[in-house]
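> Chains as they are written, first to last, in our numbering: chain A, 1 to 348; chain B, 1 to 169.
(1) Let me check one thing: in DSSP terms, what residues is residue 154 of chain B bridge-paired to?
(2) Check the Cβ of residue 22 of chain B against every Cβ in chain A and list those closer than 8 Å, keeping chain order.
(3) So is residue 338 of chain A buried or exposed if we call it buried at 16+ other beta carbons inside 10 Å?
(4) Could you pull out every residue in the same chain whose Cβ sits closer than 8 Å to the Cβ of residue 144 of chain A, ignoring the five residues on either side in sequence?
(5) To the nearest angstrom, report how far apart residue 52 of chain B and residue 167 of chain B are at their CA atoms.
(6) Count the other C-beta atoms from every protein chain shown that fall within 10 angstroms of the C-beta of residue 46 of chain B, then say buried if there are 16 or more, exposed otherwise.
(7) Residue 31 of chain A versus chain B: which residues are under 9 Å apart at the beta carbon?
(8) For residue 69 of chain A, write down the residues that DSSP places opposite it in a beta bridge.
(9) Taking 8 Å as the CB-CB cut-off, is residue 12 of chain B touching chain A?
(10) Kindly list, in the order they appear in chain B, the residues whose Cβ is closer than 8 Å to that of residue 27 of chain A.
(11) Since residue 13 of chain A and residue 344 of chain A should fall inside the 8 Å C-beta cutoff, what is the C-beta to C-beta distance between them, to a whole number of angstroms?
(12) According to DSSP, is residue 10 of chain B part of a helix, a strand, or is it coil?
(13) Spell out whether any CB of chain B is found under 8 Å from the CB atom of residue 202 of chain A.
(14) Report, in whole angstroms, the separation of the C-beta atoms of residue 314 of chain A and residue 326 of chain A, which I expect to be a contact under 8 Å.
(15) Strictly by DSSP, which residues pair up with residue 84 of chain B?
(16) List the residues of chain B that residue 34 of chain A touches, going by C-beta distances under 8 Å, in chain order.
(17) For residue 248 of chain A, count the other beta carbons within 10 Å of its own beta carbon; 16 or more makes it buried, fewer makes it exposed. Which is it?
(18) Given this structure, state the Cα-to-Cα distance separating residue 99 of chain A from residue 328 of chain A, to the nearest angstrom.
(19) How far does the alpha helix (DSSP H) with residue 75 of chain B in it extend, from its first residue to its last?
(20) On the DSSP letters alone, give me the boundaries of the alpha helix (DSSP H) that residue 351 of chain A sits inside.
(21) Between the Cα of residue 133 of chain B and those of B:149, B:169, B:56, spot the shortest distance and give me the residue it belongs to.
(22) Excluding the 5 residues flanking residue 71 of chain B on each side, which residues of the same chain have their C-beta closer than 8 Å to its C-beta?
(23) From residue 261 of chain A to residue 290 of chain A, what distance separates their C-alpha atoms?
(24) Since residue 221 of chain A is in the beta strand (DSSP E), which residue starts that stretch and which ends it?
(25) Along chain B, which residues have their Cβ under 9 Å away from the Cβ of residue 78 of chain A?
(26) Comparing the C-beta of residue 216 of chain B with each C-beta of chain A, is any distance below 8 Å?
(27) Taking C-beta pairs closer than 7 Å, name the residues in chain B that residue 133 of chain A reaches, listed in chain order.
(28) Give a yes or no on whether the minimum CB-CB distance between residue 25 of chain B and chain A is below 8 Å.
(29) Taking 8 Å as the threshold (beta carbon to beta carbon), is residue 138 of chain A in contact with chain B?
(30) Tell me whether the beta-carbon of residue 28 of chain A lies closer than 8 Å to the beta-carbon of residue 37 of chain B.
(31) Pick out whichever of A:39, A:274, A:319 has its Cα sitting closest to the Cα of residue 163 of chain A.
(32) Below 7 Å on C-beta distance, what does residue 305 of chain A contact in chain B?
(33) Quick one: what does DSSP say residue 2 of chain A is sitting in, helix, strand or coil?
(34) Mind checking if residue 37 of chain A is an interface residue toward chain B, Cβ cutoff 8 Å exclusive?
(35) Indicate whether at least one CB of chain B lies closer than 8 Å to the CB of residue 117 of chain A.
(36) Give the straight-line distance between the Cα atoms of residue 161 of chain B and residue 129 of chain B, rounded to the nearest whole angstrom.
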């Protein structure tokens with residue numbers, strides 16, 4: 001295990017909240033942030049003045065407005081001025097930045113929040129804009145079609161549509177494998193049950209150090225390690241049926257070092273869950289680890305939130321005493337390009 | 001590189017890749033109140049229950065306190081220019097012909113300035129501290145939009161001293 005990916009300070013997830021899609025769809029960004037931030041801090045007995053760093057994750061392309069996160073910051077209470085940062089990514093990467101910041105050892109706690117208010121009429125087309133602007137984006141390919149290319153590559157290397165259907169059933173997007181397989185193709189070989197159901201959403205999390213973490217949380221989810229790795233960007237430059245970056249990140253984070261009871265995987269498209277679990281297995285994930293007991297994020301997928309939600313749910317399982325070691329996974333980019341792993345543990 | 005490829009590469013120096021996306025903006029609860037007020041030609045703000053600052057347009061949370069906003073407050077249509085700029089440069093999508101003035105207008109009783117246009121006078125007459133009032137479009141043309149105020153025009157009252165508006169700039 002690389003020392004760069006292990007917590008030097010004792011750092012734990014002490015609070016995590018998500019906004020339901022129904023609630024999020026009624027609010028603008030500021031109202032959304034105000035609601036989740038107050039629930040994750042005041043609602044969890046965490047004093048705002050103990051938070052030394054705040055970092056958010058979101059994407060302007062979802063809202064269709066430049067610098068939308070600056071406006072949204074009002075909801076976090078930013079004056080008097082706070083120390084603050086932003087990633088134009090899923091909140092999971094905001095968590096990573098906050099975790100690195102806390103390892104400096106000079107502040108007690110950090111707040112992370114992310115929001116995915118989606119105003120785009122065609123989100124699949126918006127997501128395709130992250131493709132390279134010279135060779136891929138001009139072809140007009142959308143995100144679902146990229147995922148279909150990936151699923152095709154999987155079938156060509158031995159995966160089966162039945163595997164995809166099993167993932168759909170687990171995500172609550174199909175009542176049975178047979179029912180999933182009976183659906184018509186939308187983007188061959190993808191069916192409706194392989195695609196995410198997009199929704200508005202938001203999430204907030206507080207991480208804290210050592211004694212402060214113990215003082216605000218009965219059962220902190222200690223971050224044993226975190227690692228993130230990206231594969232090459234061009235779809236033609238890698239084997240789409242695999243995720244070497246996820247396997248490597250999982251090895252760096254030491255996923256296989258101990259038995260894991262729960263893994264929460266963030267795979268925007270169903271077949272990607274098969275790839276992700278295979279990579280985690282190769283890195284030593286316990287064969288009997290429960291996969292996505294929270295239901296996963298695909299049935300109500302909020303872009304820029306789902307990754308942090310997967311990690312937050314893995315932490316919540318420890319908070320509730322349901323597991324002593326969990327793994328959270330977040331992904332970003334086209335065709336599962338960029339992957340982040342967090343290993344969480346209970347400590348007595 | 002083959003001769004044929006060279007010929008192609010030589011000719012391709014730029015590539016047009018037009019992108020077009022459609023979005024549906026969501027105003028949220030607070031801005032919706034403001035926009036409904038605009039349709040009735042009223043300026044609606046809200047008061048922070050913690051620091052008593054009056055925000056217009058109202059927003060979902062007080063940026064100072066981070067709490068939800070409190071009571072609604074209907075504001076007068078008069079105010080003071082805190083800062084302004086004269087727009088001399090033409091740009092794509094511009095609705096007015098330069099030169100024209102964009103200004104921050106601190107409505108009487110509000111604590112944050114509203115950003116809008118100034119009209120009804122020569123651009124060179126506009127100054128910090130100048131008293132202005134909203135010039136509304138006709139009732140029939142009132143929309144769920146800030147453009148229901150056409151622009152702010154000078155009232156002719158004496159200027160407010162800078163010391164009185166300094167905190168709100």
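By construction, the Cβ of each residue, glycine as well, lies at the ideal position given by its N, Cα and C atoms.
To lay it out plainly:
(1) The residue labelled residue 154 of chain B in the question sits at position 154 within the second chain. In the DSSP output, where bridge partners are listed per residue, residue 154 of chain B has B:132.
(2) As a working note, residue 22 of chain B is residue 22 in the second chain. In chain order: 120, 121, 122.
(3) Residue mapping note: residue 338 of chain A aligns to position 338 of the first chain, counting from 1. That one is buried.
(4) Residue 144 of chain A sits at position 144 when you count from the first residue of the first chain. Excluding positions up to five away in sequence, the list reads 124, 186, 187, 190, 195, 269.
(5) By 1-based counting over the second chain, the position of residue 52 of chain B is 52. By 1-based counting over the second chain, the position of residue 167 of chain B is 167. Roughly 15 Å between the two C-alpha positions.
(6) Looking up residue 46 of chain B in the second chain gives position 46. Buried is the call here.
(7) Here residue 31 of chain A refers to the residue found at position 31 when the first chain is read from its first residue. Correct list: 28, 29, 30, 59, 60, 61, 68.
(8) Within the first chain, residue 69 of chain A is the residue found at index 69, counting from 1. DSSP lists no partner for residue 69 of chain A.
(9) For this step, residue 12 of chain B is matched to residue 12 along the second chain. No, no contact with chain A.
(10) As a working note, residue 27 of chain A is residue 27 in the first chain. 28, 29, 60, listed in chain order.
(11) Along the first chain, read from residue 1 onward, the residue named residue 13 of chain A stands at position 13. Along the first chain, read from residue 1 onward, the residue named residue 344 of chain A stands at position 344. 7 Å between Cβ atoms; contact.
(12) In the second chain, residue 10 of chain B corresponds to position 10, counting from 1. Three-state result, residue 10 of chain B: helix.
(13) Taking the first residue of the first chain as position 1, residue 202 of chain A is located at position 202. Taking Cβ atoms only, chain B never reaches closer than 8 Å to residue 202 of chain A, which makes this a no.
(14) Reading the first chain from its first residue, position 314 is the one you call residue 314 of chain A. Reading the first chain from its first residue, position 326 is the one you call residue 326 of chain A. Contact flag correct, Cβ pair sits at about 4 Å.
(15) By 1-based counting over the second chain, the position of residue 84 of chain B is 84. Answer is B:103, bridged to residue 84 of chain B.
(16) Locating residue 34 of chain A in the first chain gives position 34, where the first residue counts as 1. By Cβ distance, chain B contributes 60, 61, 66, 67, 68.
(17) Reading the first chain from its first residue, position 248 is the one you call residue 248 of chain A. The residue in question, residue 248 of chain A, is buried, as its Cβ has 16 or more Cβ neighbours within 10 Å.
(18) Your numbering for residue 99 of chain A matches position 99 in the first chain. Your numbering for residue 328 of chain A matches position 328 in the first chain. The straight-line gap from Cα to Cα measures roughly 15 Å.
(19) Indexing the second chain from 1 puts residue 75 of chain B at position 75. DSSP places residue 75 of chain B in no alpha helix (DSSP H) but in the uninterrupted beta strand (DSSP E) bounded by 72 to 75.
(20) In the structure as shown, chain A starts at 1 and stops at 348, and residue 351 of chain A therefore has no counterpart that could be examined.
(21) Within the second chain, residue 133 of chain B is the residue found at index 133, counting from 1. The shortest C-alpha separation from residue 133 of chain B is found at B:149.
(22) Here residue 71 of chain B is taken as the residue at index 71 of the second chain, counted from 1. Excluding residues within five positions, the ones whose Cβ falls inside 8 Å are 46, 47, 49.
(23) The residue labelled residue 261 of chain A in the question sits at position 261 within the first chain. The residue labelled residue 290 of chain A in the question sits at position 290 within the first chain. If you take the alpha carbons of residue 261 of chain A and residue 290 of chain A, they lie about 6 Å apart.
(24) For the purposes of this step, residue 221 of chain A is taken as the residue at position 221 of the first chain. It spans 221 to 230 - the beta strand (DSSP E) in which residue 221 of chain A sits, taken as one unbroken run.
(25) Sequence index remark: in the first chain, residue 78 of chain A carries index 78 (1-based). Result: 63, 64, 66.
(26) The shown model of chain B, from 1 to 169, leaves out residue 216 of chain B, and the question about it has no answer.
(27) Taking the first chain and counting its residues from 1, one reaches residue 133 of chain A at position 133. 17, listed in chain order.
(28) As a position in the second chain, residue 25 of chain B is number 25, starting the count at 1. Yes, residue 25 of chain B counts as interfacial toward chain A.
(29) On the first chain, residue 138 of chain A is found 138 positions in, with the first residue counted as 1. By this cut-off, residue 138 of chain A is an interface position.
(30) On the first chain, residue 28 of chain A is found 28 positions in, with the first residue counted as 1. On the second chain, residue 37 of chain B is found 37 positions in, with the first residue counted as 1. Contact: no.
(31) Sequence index remark: in the first chain, residue 163 of chain A carries index 163 (1-based). That would be A:274, whose Cα lies nearest to the Cα of residue 163 of chain A.
(32) Walking along the first chain from the start, residue 305 of chain A turns up at place 305. Result: empty, since nearest Cβ-Cβ is about 16 Å, beyond 7 Å.
(33) Indexing the first chain from 1 puts residue 2 of chain A at position 2. In this prediction, residue 2 of chain A has a pLDDT of 47, which is less than 50 and means its spatial position is unreliable; nothing more can be read from the coordinates.
(34) In the first chain, residue 37 of chain A corresponds to position 37, counting from 1. The Cβ of residue 37 of chain A sits closer than 8 Å to at least one Cβ of chain B.
(35) As a first step, residue 117 of chain A is located in the first chain; it is residue number 117 there, counting from the start. So, interface residue.
(36) To locate residue 161 of chain B, count along the second chain from 1; it is residue 161. To locate residue 129 of chain B, count along the second chain from 1; it is residue 129. Rounded to whole angstroms, residue 161 of chain B to residue 129 of chain B spans 6 Å at the Cα level.
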